[in-house]
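The block underneath contains the structure these notes are about, expressed in structure tokens.
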Amino acid sequence: MACERSASERRVTVWWETTMPPVFGKEDWPRSFGDHGYHGAYECRRLFFLAGRDAGFFVACHRCTRASPCREIERNCDRVCAVVRELRPALSDHAYQGTTHRVCLGDEERRGEDTINEILRGFWQAIALIGSGDPVLRDIVGLTFHVSGVALAISAIIGIPLGALLGLTRFVGRRLLISLLYTGMGFPPVVVGLFVYLMLSRSGPLGSMGVPWIPALFTPAAMIVAQTVISFPLVAGFTMAAVMGVDPMLRQQVRALGATPLQAATAVLVEARIGVVVSMIAGFGSIISEVGAVMLVGGNIEGRTRVLTTAVVLETRKGDFDLAMALGIVLLALAFLVNLAMLTLQGRSFDE
Amino acid sequence: MSGTLLPSMYELHGVVKSYERRTVLRIAELDVLRGEVLALVGPSGVGKSTLLRLLNFLEAPNEGTLRFQGRAVGPDGAMPLALRRRVTTVFQRPILLNRTVRTNVAFGLDLRRGWRPWSANGRDDRVAEALERVGLNSLERQRARTLSGGEAQRVALARAMVLEPDVLLLDEPTANLDPYNVSLIEDIIRSLNQEKHTTVVLVTHNIFQARRLADRVGLLLDGSLVELAESEAFFDRPRDERTRAFVRGDMVY
Ligand SMILES: Nc1ncnc2c1ncn2[C@@H]1O[C@H](COP(=O)(O)OP(=O)(O)O)[C@@H](O)[C@H]1O
Ligand SMILES: [Mg+2]
């Protein structure tokens, strides 16, 4: 859609009214919109879709955030209504659900609307969000760490001994196991998600058994299962490679010094410690940044199964790029800090 | 067990070791006497290291019996950890852990201590004493990776000595060292044998070294023991033609 010279383009996303939570109540309804009647207002950060009584969606515009109901909306109303009228036929169509459009806005809206500013604003908002200890963000970060942390711990408990076993011993079926592991290392997470979904769904082989400790779909436990399946082959595979890289004579020397088989394996693992830490980092990186599986298995339910990645997806699709950026930056920073911590730990904790 | 004090540390009878049906070692009879320094010489690939692996209970023989202080280890017999912990080996290449010198030397003690980090039981003193013996107590905190070849081999020796083993097995311990470190290490081995009465089995292809250190010398060729005699007899009055050739050949070299 070409805009007039005086207008700038803006992307908006169309949402069906029930897919987004109302952000302000009837008392905030602009009086000049009165003839449409209040039915709920739905936020898209700076652009609002106002659902009217007579179906369809109406675009409104404002600059405030979710936390404060908007008063400015009345001031901008004329222009907003013009946009609304222009878009109305298209937006009233159900088929546009979740799609993004460009709309034309007045000069006023054009100030600092380029991408660089979007990124900068995202950055500042990220800092503001973190600084303010926003409870929603805190829940999302908490759940992200809970899910990925537990999944990584389980992956380490399974993966490190498995990797050591494959790297240090020879047994029937070892080659088969290794090729399965390599397949697992490159498996698309979304397929893992699908698989876990089918397994755990109420009609699936595991979900239908009704055993209490088998997690139900759309719970953090189900997300942990999916992420464990994704990350343990990475932990095991990298551990195996690290262990095989250790001088084979070391194990003989260690045994000659009186090590039990378990002590010898531990000594080799400790010698390969950098590789083992890298295997953990690889495993953690693969799950903290993973969207497809947690989306499928967890369902991105606000306050229950929403993690950083799925929140970024949601905010981006809502057109709320600032918040998406902020969440993305939080995700990056957390991943960076965790990796830094692990590397520092392995550098420090050995040798007195 | 030390109460019985058999004259022999090891007694080997008809010991055979094969890898993938290829026999690499076939020892009809071999006694290692308590408190002696026994040198095993021979060109490379004749099974010297394989024999040391059997003596350290790292591998079991395919046939025959190997007695250690009266206890037999047969082909099917399990190799008890208790036996393995009375013996240790220093290999040609010092294989140190990528940790500090002190951690390396304490390693064997820590293995025996098991999971009881609070009971130090004189570990640090013993480590310091062992490092003193090899003249490296100033390097206690250095990382093992940064040591020179001679220093690394002396650390490996300290790591073995600190365990006060009944038998010290040495697999070409000075093969790639400079003459200064060779004589240092020979002095350490000699004093260990004389002061602590540690039995030493030394594999070397340096017959001068065998002559300097050993009470008895054996020649291995193609997996079997050609001749075993007192050092003097071995070098001056070899009985076997092949021993004569080996001694002479190496003298020329
Ligand atoms: N683990 C093994 N698997 C197969 N063959 C081996 C193995 N270890 C040693 N050998 C073979 O046994 C023979 C003797 O080896 P080794 O005892 O190392 O000789 P040396 O120490 O006298 O040089 C060699 O031919 C070697 O190839
Ligand atoms: Mg050898």
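Residue numbers (this note's numbering), protein chains in the order written: chain U, 163 to 514; chain R, 172 to 424. Don't be surprised by glycine CBs; every beta carbon is placed ideally from N, CA and C. As the structure is a prediction and not an experimental result, all values here were calculated from the model.
CA-to-CA distance, residue j to residue i, given in whole angstroms
i, j, result
"residue 320/U", "residue 374/U", "22 Å"
"residue 377/R", "residue 435/U", "38 Å"
"residue 226/R", "residue 233/R", "14 Å"
"residue 344/R", "residue 301/R", "17 Å"
"residue 499/U", "residue 215/R", "53 Å"
"residue 310/U", "residue 419/U", "40 Å"
"residue 387/R", "residue 420/R", "20 Å"
"residue 442/U", "residue 295/R", "34 Å"
"residue 294/U", "residue 302/U", "14 Å"
"residue 199/R", "residue 267/R", "35 Å"
"residue 208/R", "residue 365/R", "10 Å"
"residue 391/R", "residue 211/R", "7 Å"
"residue 504/U", "residue 393/U", "17 Å"
"residue 203/R", "residue 322/U", "42 Å"
"residue 415/U", "residue 313/R", "21 Å"
"residue 451/U", "residue 433/U", "29 Å"
"residue 406/R", "residue 414/R", "8 Å"
"residue 225/U", "residue 341/U", "Low per-residue confidence applies at residue 225/U: pLDDT is 33, beneath 50, and the placement is therefore not dependable enough to give any value."
"residue 353/U", "residue 371/U", "23 Å"
"residue 355/R", "residue 242/R", "35 Å"
"residue 303/R", "residue 278/R", "17 Å"
"residue 244/R", "residue 223/R", "14 Å"
"residue 184/R", "residue 192/R", "20 Å"
"residue 349/R", "residue 411/U", "23 Å"
"residue 367/U", "residue 391/U", "17 Å"
"residue 477/U", "residue 493/U", "14 Å"
"residue 483/U", "residue 286/U", "13 Å"
"residue 330/R", "residue 398/U", "32 Å"
"residue 309/R", "residue 367/R", "24 Å"
"residue 298/U", "residue 424/U", "46 Å"
"residue 351/U", "residue 334/U", "29 Å"
Any chain C beta carbon closer than 7 Å to residue i
i, result
"residue 238/R", "Here the protein chains are U and R, and chain C is not one of them."
Proximity below 7 Å, CB of residue i to CB of residue j
i, j, result
"residue 457/U", "residue 472/U", "yes"
"residue 402/U", "residue 328/U", "yes"
"residue 418/R", "residue 409/R", "yes"
"residue 438/U", "residue 404/U", "yes"
"residue 181/R", "residue 239/R", "yes"
"residue 186/R", "residue 237/R", "yes"
"residue 276/R", "residue 305/R", "no"
"residue 306/U", "residue 469/U", "yes"
"residue 347/U", "residue 396/U", "yes"
"residue 313/U", "residue 386/U", "yes"
"residue 362/R", "residue 385/R", "no"
"residue 220/R", "residue 342/R", "yes"
"residue 290/U", "residue 491/U", "no"
"residue 358/U", "residue 440/U", "no"
"residue 260/R", "residue 336/R", "no"
"residue 332/U", "residue 229/R", "no"
"residue 394/R", "residue 197/R", "yes"
"residue 352/R", "residue 321/R", "yes"
"residue 371/R", "residue 339/R", "yes"
"residue 380/U", "residue 461/U", "yes"
Contact set between residue i and chain R, taken where Cβ atoms lie within less than 7 Å
i, result
"residue 336/U", "Going along chain R, no residue has its Cβ under 7 Å from residue 336/U, so there is no contact; the nearest lies around 18 Å."
Neighbouring residues, chain R, relative to residue i (Cβ below 8 Å)
i, result
"residue 507/U", "Under the 8 Å cutoff, chain R gives no residues; its nearest Cβ is about 16 Å from residue 507/U."
Under 8 Å by beta carbon: chain U residues contacting residue i
i, result
"residue 293/R", "Near residue 293/R there are no residues of chain U at all, since even the closest Cβ is about 17 Å away, more than 8 Å."
"residue 363/R", "Here the premise fails: no neighbours, minimum Cβ distance about 16 Å."
"residue 330/R", "419"
"residue 279/R", "419 and 420"
9 Å Cβ cut-off: residues of chain U touching residue i
i, result
"residue 370/R", "Result: empty, since nearest Cβ-Cβ is about 16 Å, beyond 9 Å."
"residue 266/R", "409, 411, 412, 414, 415 and 416"
7 Å Cβ cut-off: residues of chain U touching residue i
i, result
"residue 282/R", "419, 420, 421 and 425"
"residue 227/R", "418"
"residue 269/R", "433"
| query | Relative to chain R, which residues along the region 390-424 of chain U have a C-beta separation below 7 Å, given in chain order? | reply | 409, 411, 412, 414, 415, 417, 418, 419, 420, 421 and 422
message = Beta carbons nearer than 8 Å to chain R: which residues of the region 420-452 of chain U have them?
response = 420, 421, 422, 425, 429, 432 and 433
Enumerated in chain order, which unbroken segments of the beta strand (DSSP E) with a length of 3 residues or greater are wholly contained in the region 200-259 of chain R? 208-212, 234-239 and 242-244
Every unbroken alpha helix (DSSP H) inside the region 294-366 of chain U [4 residues or more]:
297-330, 336-347 and 351-362
* To do: Let me know the beta strand (DSSP E) ranges lying completely inside the region 297-344 of chain R, each 3 residues or longer, listed in chain order.
  => 338-342
**Request:** With 7 Å as the limit, tell me which residues of the region 240-261 of chain R have their beta carbon closer than that to any beta carbon of chain U; keep them in chain order.
**Result:** 252, 255, 256, 259 and 260
Self-check item: In chain order, each alpha helix (DSSP H) run of at least 4 residues that lies wholly inside the region 390-424 of chain R
Solution: 402-407 and 412-423
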